[in-house]
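Residue numbers for the sequence shown follow the UniProt record's numbering, so the first one is 1 and each next one is one higher. Glycine is no exception: its CB is placed at the ideal position from the N, C-alpha and C atoms.
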Amino acid sequence: MVTQDLEGGDRQRAMKRLRVPPLGEQQSPWTTFKVGLFSGSFIVLLIAVVLSGIFHRSRDDWRIVFRLYRGPLLIIEFLFLMGINVYGWRSSGVNHVLIFELDPRNHLSEQHIMELAAIFGVVWALSVLSFLYSASLSIPPYVNPLALITIMAVFILNPTKTFRHEARFWALKVLGRIILAPLFYVNFADFWLADQLNSLVVVFVDFQYFICFYLTNDNWMAADDINVCVDYTQIIRPLVGCLPAWWRFAQCLRRYRDTKEAFPHLVNAGKYATSFLVMLFSTMNVIYTDAYRVTTENPYFYLWVMASILSSCYAYTWDIKMDWGLFDKKAGDNKYLREEVVYSSTFC
Numbered sequence: 001m002v003t004q005d006l007e008g009g010d011r012q013r014a015m016k017r018l019r020v021p022p023l024g025e026q027q028s029p030w031t032t033f034k035v036g037l038f039s040g041s042f043i044v045l046l047i048a049v050v051l052s053g054i055f056h057r058s059r060d061d062w063r064i065v066f067r068l069y070r071g072p073l074l075i076i077e078f079l080f081l082m083g084i085n086v087y088g089w090r091s092s093g094v095n096h097v098l099i100f101e102l103d104p105r106n107h108l109s110e111q112h113i114m115e116l117a118a119i120f121g122v123v124w125a126l127s128v129l130s131f132l133y134s135a136s137l138s139i140p141p142y143v144n145p146l147a148l149i150t151i152m153a154v155f156i157l158n159p160t161k162t163f164r165h166e167a168r169f170w171a172l173k174v175l176g177r178i179i180l181a182p183l184f185y186v187n188f189a190d191f192w193l194a195d196q197l198n199s200l201v202v203v204f205v206d207f208q209y210f211i212c213f214y215l216t217n218d219n220w221m222a223a224d225d226i227n228v229c230v231d232y233t234q235i236i237r238p239l240v241g242c243l244p245a246w247w248r249f250a251q252c253l254r255r256y257r258d259t260k261e262a263f264p265h266l267v268n269a270g271k272y273a274t275s276f277l278v279m280l281f282s283t284m285n286v287i288y289t290d291a292y293r294v295t296t297e298n299p300y301f302y303l304w305v306m307a308s309i310l311s312s313c314y315a316y317t318w319d320i321k322m323d324w325g326l327f328d329k330k331a332g333d334n335k336y337l338r339e340e341v342v343y344s345s346t347f348c
């Protein structure tokens with residue numbers, strides 16, 4: 001399969017690709033030490049953030065601060081959970097290096113990913129603390145969120161061959177193919193990462209708020225209008241929130257074009273199309289809120305509820321039956337599971 005599908009019949013290249021390091025290879029003690037060091041530092045700093053937040057709870061800009069810092073924190077959490085995923089794959093013998101078409105001799109282990117998440121976690125916590133104690137530090141408070149995003153952006157976009165450039169360039173290449181869907185053939189890594197982005201819609205919306213905030217607020221010492229970037233971007237925010245669903249929708253159409261198979265590709269595209277209905281009726285419900293005395297008089301409210309139920313049921317059914325392969329009638333001994341079980345049961 002690798003010879004025919006991935007290397008165009010070139011057996012020599014296929015064998016080279018398959019010569020991957022052992023999945024149970026030893027991790028570097030230095031990397032393990034750094035993971036522990038930065039993870040411990042992040043936990044201590046996170047406790048300091050929580051306690052400092054309690055002491056500064058009288059601030060009137062908490063909603064703004066929350067929106068500015070939530071997106072970066074969710075990305076950090078995503079990286080950490082990605083590290084756990086890689087650990088689970090490696091422990092269960094899943095050759096993710098081959099599946100994602102990574103360089104078998106130069107790729108990130110789960111500890112490298114967790115180390116990166118922990119380092120960014122430390123930077124995030126220091127930024128929040130600097131924001132809260134900006135008066136004592138004589139720093140404009142709203143410089144801190146901007147500095148945090150700048151540091152993260154410089155790291156990922158750094159064009160030099162430093163700081164894990166192979167992994168960064170690979171991620172940027174995959175993201176580029178996702179954004180330009182359906183112009184490119186869809187590889188496994190493309191639709192897998194695009195699926196993950198559908199779980200990070202809040203991050204996209206928060207970054208839209210971030211950009212709007214710094215474009216409209218010229219006072220970095222204070223921010224009074226909490227909802228300025230919500231009330232005046234009622235159209236832009238839903239469009240930004242639809243981007244991950246659109247990318248997967250476009251990928252499904254491209255897969256149908258390449259394979260001419262209506263199932264599963266067009267059916268899967270329908271799942272993401274329901275997200276557009278949810279966003280449309282949700283936006284209309286908000287726009288026409290003032291036209292009705294109570295929410296229950298707004299017809300768009302009911303359309304939004306029905307679209308949400310449809311989308312949730314559609315996505316849940318697809319995930320259970322197609323993505324997870326559960327309730328397979330031909331599963332044999334694996335009742336209610338799939339025919340081939342990869343992960344062993346902890347409790348049986």
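Beta-carbon spacing of residue i, residue j below 9 Å
{"i": "L108", "j": "L98", "result": "no"}
{"i": "P145", "j": "R257", "result": "no"}
{"i": "L79", "j": "M114", "result": "yes"}
{"i": "V267", "j": "S308", "result": "no"}
{"i": "V65", "j": "R57", "result": "no"}
{"i": "A153", "j": "I178", "result": "no"}
{"i": "R63", "j": "D206", "result": "no"}
{"i": "V143", "j": "V49", "result": "no"}
{"i": "F327", "j": "Y314", "result": "no"}
{"i": "A222", "j": "F213", "result": "no"}
{"i": "F204", "j": "L197", "result": "yes"}
{"i": "L170", "j": "L81", "result": "One detail in the question is off: residue 170 reads as Trp in this sequence, not Leu. For W170 and L81, no; Cβs fall outside 9 Å."}
CA-to-CA distance, residue j to residue i, given in whole angstroms
{"i": "Y133", "j": "P141", "result": "8 Å"}
{"i": "Y87", "j": "S311", "result": "32 Å"}
{"i": "G241", "j": "I84", "result": "27 Å"}
{"i": "L126", "j": "V94", "result": "37 Å"}
{"i": "residue 406", "j": "V294", "result": "The requested residue 406 does not occur in the structure, where the chain is confined to residues 1 to 348."}
{"i": "V44", "j": "T32", "result": "18 Å"}
{"i": "A291", "j": "Q234", "result": "16 Å"}
{"i": "I119", "j": "T317", "result": "38 Å"}
{"i": "Y288", "j": "Y302", "result": "13 Å"}
{"i": "G121", "j": "T296", "result": "43 Å"}
{"i": "S199", "j": "I54", "result": "30 Å"}
{"i": "I139", "j": "N227", "result": "24 Å"}
{"i": "V35", "j": "T283", "result": "43 Å"}
{"i": "N158", "j": "L172", "result": "11 Å"}
{"i": "N334", "j": "I320", "result": "15 Å"}
{"i": "R90", "j": "T150", "result": "33 Å"}
{"i": "K330", "j": "D323", "result": "16 Å"}
{"i": "H96", "j": "L51", "result": "40 Å"}
{"i": "V230", "j": "N298", "result": "21 Å"}
{"i": "H112", "j": "G325", "result": "31 Å"}
{"i": "residue 377", "j": "S28", "result": "Lying before the first or after the last residue shown, residue 377 is absent from the chain, which here runs from 1 to 348."}
{"i": "I47", "j": "S41", "result": "10 Å"}
{"i": "S136", "j": "L239", "result": "40 Å"}
Cβ-Cβ separation, residue j to residue i (assumed contact under 8 Å), whole Å
{"i": "P72", "j": "L175", "result": "In fact, because the Cβ distance is near 17 Å, the residues do not count as touching under 8 Å."}
{"i": "A269", "j": "L243", "result": "At roughly 16 Å, the Cβ-Cβ gap does not stay under 8 Å, so A269 and L243 are not in contact."}
{"i": "T274", "j": "H265", "result": "About 16 Å separates the two Cβ atoms, so there is no contact after all."}
{"i": "V186", "j": "R255", "result": "5 Å"}
{"i": "F100", "j": "A189", "result": "5 Å"}
{"i": "F248", "j": "F191", "result": "In the sequence as displayed, the identity of residue 248 is Arg instead of Phe. About 7 Å separates the two Cβ atoms, so the contact holds."}
{"i": "residue 418", "j": "Y300", "result": "Outside the shown range of the chain, which is 1 to 348, sits residue 418, and nothing can be said about it."}
With 16 other Cβ atoms within 10 Å as the buried cut-off, status of residue i
{"i": "L68", "result": "buried"}
{"i": "M306", "result": "exposed"}
{"i": "Y272", "result": "buried"}
{"i": "E340", "result": "exposed"}
{"i": "R164", "result": "buried"}
{"i": "V123", "result": "buried"}
{"i": "A245", "result": "buried"}
{"i": "R105", "result": "exposed"}
{"i": "Y232", "result": "exposed"}
{"i": "T162", "result": "exposed"}
{"i": "F263", "result": "exposed"}
{"i": "E110", "result": "buried"}
{"i": "G332", "result": "exposed"}
{"i": "N285", "result": "buried"}
{"i": "I76", "result": "buried"}
{"i": "A250", "result": "buried"}
{"i": "W30", "result": "exposed"}
{"i": "Q208", "result": "buried"}
9 Å Cβ cutoff, residue i in contact with chain C
{"i": "W62", "result": "In the structure shown, chain C cannot be found, because there is only a single protein chain."}
Starting from the N-terminal side, write out each stretch of the alpha helix (DSSP H) that is 4 residues or longer and does not extend beyond the segment 91 to 152.
Runs of the alpha helix (DSSP H) lying entirely within the segment 91 to 152 and spanning at least 4 residues, in chain order: 96 to 99, 110 to 132, 134 to 137.
Please give me, in chain order, every unbroken run of the alpha helix (DSSP H) with length at least 4 that falls completely inside the segment 260 to 301.
262 to 287
Can you check the segment 214 to 251 for any alpha helix (DSSP H) of at least 4 residues that lies completely inside it and give the ranges in chain order?
228 to 231
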